[in-house]
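Here's the structure, in structure tokens; my notes come after.
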Amino acid sequence: MSSPFLEPILRHLNSEPSRTWSLVITFYGDAILPRGGSVGLQTLAEVLGGMGVNDAAVRAAVSRLAADGWLERRRLGRNSFYRLAEKGAGTFAEAARRIYGPHAAGVEDNRLRLLLLPPEMAREPAREALRAAGYGAALPDLWLAPWDRTVPAEARTAIALEARAGTAEARRLAALAWDLEGIAAGYRRFLEPFGEVSGRMPEAGLPGLESLVARLLLIHEYRRVVLRDPFLPHGMLPADWPGGEARRACADLYARLLPASEAWLDAHAADEDGPLPAPGAELWRRFRDDM
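Residue 973, in the numbering used here, is where the sequence shown stops; the numbers in between run on with no holes.
And the structure:
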């Protein structure tokens, strides 16, 4: 797809390590799950073609995802339809809360949960579970997270302590537990191309497929950094933390792209039963603070 509007985004995409299978997961999670979860391979190829991905790469990606249990295929005549398997749907549902949810701008509760792993605890299973739950390791056996994070079952016997953010010691712990500088750099890299395209977007909007491609690339790039963000209390973050600015930029551009991109899906996308069902109200509430 040749588009002056998309050029900065595609240039950014091509400068970063990216895989077609990851773009496929973004498409399903962001656009297809709200519409029943299944779509034809032809539609998928047309959308990814707008990102410069050829048909052979799309077919290879969906075959790999199906073999790995992320997608399920159904064939009707000469047409193939794919949907996210339970594994893929569950993974994106968890990610969606972090991508679209209101807490992505940072939390106000300044309490921290500290977990000290006892010697008898099976280390690696507990560590993997803690990472998945949003904890960071300040020391090999000292893990911390905002107070609202649950303690995974694998770490239930850990010694739990409460601390308060906003102190120099808390900021030092956070710097040890998470790569905050790297996450901040990721947010700034995200803002470079998308800040540019937001200012260049025509007042009348973009054509439907172009809007959908821009929307998916927006979420694809935002997802790559926001899922690394531990969403710490403000008192533990650097003064110039760019996470809030990145979320506002993403939310603003997403809202502007959503109507035309959904209209394109209405007119062109199909599952085994015909045109895709309409999305629920939750789609239109993404990025809202009362979500």
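All C-beta atoms, glycine included, are put in the ideal place defined by N, C-alpha and C.
Find the nearest neighbour of residue i within the set the options, judged by alpha-carbon distance.
i           : options               : result
residue 679 : 777, 912, 865 and 854 : The chain is shown only over 683 to 973; residue 679 falls outside these bounds and no answer can be derived.
residue 768 : 824, 711, 779 and 866 : 711
residue 908 : 929, 898, 894 and 854 : 929
residue 890 : 948, 902 and 964      : 948
residue 818 : 855, 784, 802 and 782 : 855
Cα separation between residue i and residue j?
i            : j           : result
residue 905  : residue 693 : 18 Å
residue 751  : residue 743 : 12 Å
residue 746  : residue 703 : 8 Å
residue 794  : residue 921 : 19 Å
residue 1036 : residue 716 : With the chain covering 683 to 973 only, the question about residue 1036 has no answer from this structure.
residue 931  : residue 940 : 14 Å
residue 796  : residue 762 : 49 Å
residue 786  : residue 759 : Any reading at residue 786 must be qualified, since the residue scores a pLDDT of 45, below 50, and its modelled position is unreliable; the value itself is stated next. Going by the C-alpha atoms only, they are around 44 Å apart.
residue 839  : residue 766 : 35 Å
How would you label residue i, buried or exposed, when you count the other beta carbons within 10 angstroms and need 16 or more for buried?
i           : result
residue 919 : buried
residue 841 : exposed
residue 844 : exposed
residue 875 : buried
residue 825 : buried
residue 966 : exposed
residue 861 : exposed
Put residue i into one of helix, strand or coil per three-state DSSP.
i           : result
residue 797 : strand
residue 777 : helix
residue 676 : Outside the modelled stretch of the chain, which goes from 683 to 973, sits residue 676, for which no answer is possible.
residue 722 : strand
Within a Cβ cutoff of 8 Å, which residues of the same chain sit near residue i, ignoring the five residues on either side of it in sequence?
i           : result
residue 788 : Residue confidence for residue 788 is low, a pLDDT of 49 falling below 50, so the modelled location carries little weight and cannot support an answer.
residue 900 : 691, 876, 932, 935, 936 and 939
Please work out which residues of its chain come closer than 7 Å, Cβ to Cβ, to residue i, disregarding the five sequence neighbours upstream and downstream, and give them in chain order.
i           : result
residue 823 : 798 and 799
residue 859 : 818, 819, 820 and 826
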